[in-house]
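Here the structure is laid out as structure tokens; the discussion comes afterwards.
Residue numbers (my numbering): 609 to 813.
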């Protein structure tokens, strides 16, 4: 261990200094109370389900960062403004914009996984496609994992660009059923199988 390095810490600072800040091709499933997907420290790192992107958009969206996948980083790039709209008027494109846009939320199960318009995950507590965090815990966990660093906002997660998925099973009061938790884990596992070009990491709760 080099002198001055905390042997009990994560050594995240040393990793960042060496340029290791994560990859958008890594997805961490936060099986919890959902994610505040409009949070300024998280919106770029919210998982975008590649199979649920409507077919009409797949051929025209630009992979701005050339990583082989379309993420919110691409949707916020200068090449894609014709295909997204800042519906909630917060100054950037986030998941709420897609969920409210009929071009994206087209009422079609594009990836044939049994969940219509699961663009960013699924809410198994309320059985809908909007896994917004109405409790706060899932957002806290997501921030620890993947809050953006170097942006002068909030905190920095361990990895700055990893995608976080929201298979939500806890309700606003922090309660959830075992059956919903199992469905959430099964959803994550199926998404992993459907995305062989991406690295799905450990589930968190």
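Even for Gly, the Cβ is constructed at its ideal location relative to N, Cα and C.
Pairing residue 719 with residue 781 gives a Cβ-Cβ distance that is not under 7 Å. Residue pairing by DSSP places residue 774 opposite 729 in a beta bridge. Distance from residue 684 to residue 771 at the Cβ level is roughly 14 Å; contact not present, criterion being Cβ atoms closer than 8 Å. Around the CB of residue 686, fewer than 16 other CB atoms lie within 10 Å, so the residue is classed as exposed. Per the coordinates, the alpha-carbon of residue 655 lies some 24 Å from the alpha-carbon of residue 785.
Boundaries around residue 637 are those of the beta strand (DSSP E), 634 to 637, since no alpha helix (DSSP H) includes it. Taking 7 Å as the cut-off, the beta carbon of residue 729 is found no closer than this to the beta carbon of residue 662.
Comparing alpha-carbon positions, the option among 765, 691, 641 and 753 lying closest to residue 667 turns out to be 691. Inter-residue distance for residue 762 and residue 747 is about 13 Å (C-alpha atoms, whole angstroms). Taking the Cα positions, residue 708 is about 17 Å away from residue 679.
With three or more CB-CB distances shorter than 8 Å, the region 629 to 646 counts as touching the region 731 to 740. In this structure, residue 649 lies near residue 755, with their beta-carbon atoms less than 7 Å apart. If you ignore the 5 residues before and after residue 753, its C-beta comes within less than 8 Å of the C-beta of 636, 638, 765, 766, 767, 770, 772 and 812, all in its own chain and listed in chain order.
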